[in-house]
Amino acid sequence: MISAGKQMVIPVANPRLARALQYITTIATGGVLLTGPLLLRRWLPDPAVLKDLRLTWAMMNVDPASAFASIGLNWILLVGQRVDLTRIDFGLSLVIVGSLVSFFALLFVWGVRMLHRRDLERLGAVRAHGESEERMRLVLESALDAVVTIDAAGTITSFNPQAEKIFGWRIEEAVGRSLSDTLIPPRYRQAHTEGLKRFLATGEGPVLNRRIEIEALHKDGHEFPVELTITPLRSSGSVIFSAFVREITERKRAEQEQRRHLDEIADLYDNAPCGYHSLDKDGFFVRVNGMELGWLGYTREELIRKKKFTDALTSRSAAVFREHFARFKEEGSIRDLEIQMVRRDGSVFSVLLGATAILDAQGHFVSSRFTLFDITDRVTLENQLRQAQQMEVIGRLAGGVAHDFNNLLTPILGYTSLLLERLDPNDPLREEIEEIRKAGQRAAGLTQQILAFSRRQVLQPKVLDLNGLISDAAKLLRRLIGEDIHLVLTLAPELGRVKVDPPQMEQVIMNVVINARDAMPRGGRITIETANVTLDEEYAKSHAEVAPGPYVMIAISDTGTGMDRETLVHLFEPFFTTKERGKGTGLGLATVHGIVKQSGGHIWVYSEMGRGSTFKIYLPRVEEQLSLAPPSPVQRPSYQGSETILIVEDDDSLRKLASTILRSKGYTVFDADRGEDALIQAKSYMGPIHLLLVDVIMPGMSGREVAQHVKASRPLLKVLYMSGYTEAAIGHHGVLDEGMAFIEKPFTPEGLVRKVRHVLDEHQTKGF
Numbered sequence: 098m099i100s101a102g103k104q105m106v107i108p109v110a111n112p113r114l115a116r117a118l119q120y121i122t123t124i125a126t127g128g129v130l131l132t133g134p135l136l137l138r139r140w141l142p143d144p145a146v147l148k149d150l151r152l153t154w155a156m157m158n159v160d161p162a163s164a165f166a167s168i169g170l171n172w173i174l175l176v177g178q179r180v181d182l183t184r185i186d187f188g189l190s191l192v193i194v195g196s197l198v199s200f201f202a203l204l205f206v207w208g209v210r211m212l213h214r215r216d217l218e219r220l221g222a223v224r225a226h227g228e229s230e231e232r233m234r235l236v237l238e239s240a241l242d243a244v245v246t247i248d249a250a251g252t253i254t255s256f257n258p259q260a261e262k263i264f265g266w267r268i269e270e271a272v273g274r275s276l277s278d279t280l281i282p283p284r285y286r287q288a289h290t291e292g293l294k295r296f297l298a299t300g301e302g303p304v305l306n307r308r309i310e311i312e313a314l315h316k317d318g319h320e321f322p323v324e325l326t327i328t329p330l331r332s333s334g335s336v337i338f339s340a341f342v343r344e345i346t347e348r349k350r351a352e353q354e355q356r357r358h359l360d361e362i363a364d365l366y367d368n369a370p371c372g373y374h375s376l377d378k379d380g381f382f383v384r385v386n387g388m389e390l391g392w393l394g395y396t397r398e399e400l401i402r403k404k405k406f407t408d409a410l411t412s413r414s415a416a417v418f419r420e421h422f423a424r425f426k427e428e429g430s431i432r433d434l435e436i437q438m439v440r441r442d443g444s445v446f447s448v449l450l451g452a453t454a455i456l457d458a459q460g461h462f463v464s465s466r467f468t469l470f471d472i473t474d475r476v477t478l479e480n481q482l483r484q485a486q487q488m489e490v491i492g493r494l495a496g497g498v499a500h501d502f503n504n505l506l507t508p509i510l511g512y513t514s515l516l517l518e519r520l521d522p523n524d525p526l527r528e529e530i531e532e533i534r535k536a537g538q539r540a541a542g543l544t545q546q547i548l549a550f551s552r553r554q555v556l557q558p559k560v561l562d563l564n565g566l567i568s569d570a571a572k573l574l575r576r577l578i579g580e581d582i583h584l585v586l587t588l589a590p591e592l593g594r595v596k597v598d599p600p601q602m603e604q605v606i607m608n609v610v611i612n613a614r615d616a617m618p619r620g621g622r623i624t625i626e627t628a629n630v631t632l633d634e635e636y637a638k639s640h641a642e643v644a645p646g647p648y649v650m651i652a653i654s655d656t657g658t659g660m661d662r663e664t665l666v667h668l669f670e671p672f673f674t675t676k677e678r679g680k681g682t683g684l685g686l687a688t689v690h691g692i693v694k695q696s697g698g699h700i701w702v703y704s705e706m707g708r709g710s711t712f713k714i715y716l717p718r719v720e721e722q723l724s725l726a727p728p729s730p731v732q733r734p735s736y737q738g739s740e741t742i743l744i745v746e747d748d749d750s751l752r753k754l755a756s757t758i759l760r761s762k763g764y765t766v767f768d769a770d771r772g773e774d775a776l777i778q779a780k781s782y783m784g785p786i787h788l789l790l791v792d793v794i795m796p797g798m799s800g801r802e803v804a805q806h807v808k809a810s811r812p813l814l815k816v817l818y819m820s821g822y823t824e825a826a827i828g829h830h831g832v833l834d835e836g837m838a839f840i841e842k843p844f845t846p847e848g849l850v851r852k853v854r855h856v857l858d859e860h861q862t863k864g865f
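According to the numbering used here, the stretch in the sequence shown is residues 98 to 865, in order.
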């Protein structure tokens, strides 16, 4: 045999057979290629078959002549020429030739079938590849997202129809252009170029293979938001990038709208005219709105997860709340629970509370939401009304007792007088009866006080000028208070007239002055002032039994020890006294209260421990009795302004009132409830602040300290002080120097804006 160009001899016993096999094997290996007439004449296959074979070989890139040779067709010719069939056994020759013909015929058929199978497989692969590419084209053309591919140079290589719709470029316009100059806004182009270079150099990219939101550029130049994903693909040693772009304009608009609604809800939550908070299952704060934080004086960081709600309650209210909270977890709600809360500075205020339980899917209690309303003013008015009602009841009882007691005292005093007339001046019984009469007279005096308190005495009112009455009474008052106490009169000119009983009003002034004297054992100063005032609706709302209108005010201030809240609550109750046993009946201020009320007036007390006290008596102002119609009200200026004012006042309701009044007149107003907050606002505000309206006495920093700190950085700032103390009394306390701009509480809106305008236009502050 011949293999790989070499000849291998196979030994066979029959020489003829060996020679035939040698030729046959040579032809079978393709080592011999013979052509000639014999081939064409005797062994040429059918032309149709040959045509099919040639077509198959052409598809396989095979030369037909070589194929015939390789298959071994020529061996038949050689066998016919080289093998002498007549010289060997015919049967043996026939077997050999038949076997070989059958073998190579089968080999030929198998080869043709294999060629056809390979051809069909290749045709199927080509067809499948074409169908796959068509499907991919249809997918890209129907995609809802824009699909853009670029090469390593940043040039657009494909652009699907959705990209045309989103970016405004036609496919033939976009392909071949630089992505950076076509679809990327100018502010992002440098970053795009640097990112592309970085990826080509390192294989890393900060925006690859993840979704990002960014602005894209439309053909007409406007920018719009898109969601972008870029994926790199390496193929045949090069890199292409596929960008999948989704326009999110509507989504962003919806998100902005949702954000706006959430902001509105948050604003409503924080600035609602009530308190909101949420508690966890153990009662700790988990959320608090701005209103409640303002009430309490804490920051969110100080409350959230750090304090329980009971920590912000008085001890009594905390016990009540714990009892309700235990039932609340079972019942699911609390309705109209009235409790008292404690501010950071220790002051107490009242709230009305409602709550709703939050349950999980299994119905277990997990948290709660609370709504709170500040009812301090309502509670104050209720207490005032309750106290007034109690005083009315006590007054009626006392009046009845005094009336009956007067009936008993009349014969006692009458008979003692008869006995004294009948007895000899030297009679030893005379002195004892004289003591009985003195005791009766003192008892009669007490009944008069009881009657005055109960508003049951008979008054003889007259229209008079209180300035004259006070000036006349001052002579006696100076002798009563002693030399170590200085009495100062500050009487307003053109004071309005009042209709009162002069002796009773003298008693009112004397009782208050004596009470002030007793509060200053080491001496001090008592100031009596008068002024025309107008009490408005706001004042009437916060003071029970007060009708709005014009009044004449008498203010009696002292520099004594002052009074605490508990004392102020019981101040005008009969027989209530803070003096030692035997040194006071407790009827002095009760008498004052009764006379003022019976005269149609109102009395208000402002006091702090260590700061003295101020009694303000408001008596209705009356016009002279004339038949003429009252004159038309005088048109007053509007007192408009545009300056910036910083208000510092620890009383929430008064601070809000002053802010509202000044804003209504055009002023820009900032407010703070403590001196420390005022300094922060003054430092952070970049514009000018023209006026500081500050309370004289506040927790922490005083009004004067606040003014000194603010004026250190704003020397042109003007200062207007306000206080429940009267102007003259404030000057003596040393809190203010005389001549400082001052407005006393309570003030009317007209009085406030008039005073503010006056200070801004003319007043120059002193002493700093």
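Backbone N, C-alpha and C fix where the C-beta goes; we use that ideal spot for every residue, glycine too.
Alpha carbon to alpha carbon, what distance is there between Thr587 and Ile714? Cα-Cα distance, rounded: 15 Å.
Identity of the residues DSSP links to Thr624 by a beta bridge: Val585, Ser654
Count the other CB atoms, across all protein chains shown, that sit within 10 Å of the CB of Leu894; report buried if there are 16 or more and exposed otherwise. A question about residue 894 goes unanswered here, because the residues of the chain that appear run from 98 up to 865.
In its own chain, which residues sit with a C-beta less than 6 Å from the C-beta of Asp160, not counting the 5 before and 5 after it? Bear in mind that a pLDDT of 49 at Asp160, under 50, signals an unreliable position, so the model cannot answer this.
Exposure label - Lys572; buried when at least 16 CB within 10 Å: exposed
Completely contained beta strand (DSSP E) runs for the stretch 429-462, where each covers 3 or more residues: 430-439, 445-456
Where Arg718 and Asp360 are concerned, what is the direct C-alpha to C-alpha distance, given to the nearest angstrom? 52 Å
Nonlocal neighbours in the same chain, by C-beta distance under 7 Å from Gln698, ignoring five residues either side: Position check: residue 698 holds Gly in this sequence, whereas Gln was assumed. For Gly698, where only same-chain residues beyond five positions count, the Cβ hits under 7 Å are Ile714, Tyr715, Leu716, Pro717.
Distance, Cα to Cα, Phe712 vs Leu759? About 28 Å.
On the CB-based measure, 16 or more other CB atoms within 10 Å of its CB, does Leu849 come out buried or exposed? With 16 or more other Cβ atoms within 10 Å, it is buried.
Please report the straight-line C-alpha distance between Ala838 and Val745, rounded to a whole angstrom. 15 Å
Look at the alpha carbon of Ala536 and the alpha carbon of Ile509, and state the distance between them as a whole number of angstroms. 10 Å
Three Cβ pairs or more, each shorter than 8 Å: is that satisfied between the stretch 565-582 and the stretch 613-624? Note that the stretch 565-582 touches the stretch 613-624; at least 3 beta-carbon pairs, one per stretch, sit closer than 8 Å.
Can you find the residues in the same chain that come closer than 8 Å, C-beta to C-beta, to Asn564, ignoring five residues on each side of it along the sequence? Apart from sequence neighbours up to five positions away, the residues of its chain that approach Asn564 with a beta-carbon distance below 8 Å are Leu588, Ala589, Leu592, Thr627, ordered along the chain.
For the structure I just gave you, are there three or more beta carbon pairs, one from the stretch 410-425 and one from the stretch 386-398, closer than 8 Å? no
Locate the alpha helix (DSSP H) running through Ser696, then write down its first and last residues. Where Ser696 is concerned, there is no enclosing alpha helix (DSSP H), given that its DSSP letter is neither H nor E.
Using DSSP's beta-bridge definition, name the partner residues of Leu410. Met438
Using the three-state DSSP reduction, which class does Lys780 fall into: helix, strand or coil? Residue state for Lys780 is assigned as helix, using DSSP reduced to three classes.
Beta-carbon proximity check, Val853 vs Leu788, cutoff 8 Å: yes
With H, G and I counted as helix, E and B as strand and the rest as coil, what does DSSP make of Val793? In the structure shown, Val793 sits in coil (DSSP, three-state: anything other than H, G, I, E or B).
Distance CB(Gly429)-CB(Lys405) smaller than 8 Å: no
Between Arg284 and the rest of its own chain, which residues show a CB-CB distance below 6 Å, the 5 nearest in sequence each way excluded? none
Under 8 Å, with one C-beta from each stretch per pair, do the stretch 276-283 and the stretch 295-315 reach the 3-pair mark? yes
Between the Cα of Val643 and the Cα atoms of Leu665, Met660, Val693, which residue gives the shortest distance? Val693
N- and C-terminal bounds of the alpha helix (DSSP H) containing Thr279: Boundaries of the alpha helix (DSSP H) around Thr279: 276-280.
Fully enclosed by the stretch 266-346, which beta strand (DSSP E) runs are 3 residues long or longer? 309-314, 320-332, 335-344
Reduced DSSP secondary structure (H/G/I, E/B, other) of Gly565: helix
Go to Asp248, then tell me how far its beta strand (DSSP E) extends in each direction, as first and last residue. 243-248
My guess is that Ala570 and Ile606 are in contact by the Cβ rule of under 8 Å, so how many angstroms apart are they, rounded? Yes, Ala570 and Ile606 are in contact; Cβ-Cβ is about 6 Å, under 8 Å.
Run of the beta strand (DSSP E) containing Thr757, from where it starts to where it stops: Thr757 -> not in any beta strand (DSSP E); alpha helix (DSSP H) instead, spanning 749-761.
Please look up how many angstroms separate the CB atoms of Val595 and Val649, rounded, as I've assumed it's under 8 Å. 5 Å
Can you tell me the Cα-Cα spacing of Arg432 and Thr407, whole angstroms? Rounded to the nearest angstrom, the two C-alpha atoms are 17 Å apart.
Candidates Lys762, Val323, Arg811: which alpha carbon is nearest Ser735's? Checking every option, the nearest Cα to that of Ser735 belongs to Lys762.
Determine the direct distance from the alpha carbon of Arg419 to that of Arg307, and round the result to whole angstroms. Arg307 and Arg419 have their C-alpha atoms roughly 53 Å apart.
Helix, strand or coil: which one does DSSP assign to Arg811? coil
Count the other CB atoms within 10 Å of the CB of Thr656; is the residue buried (16 or more) or exposed (fewer)? buried
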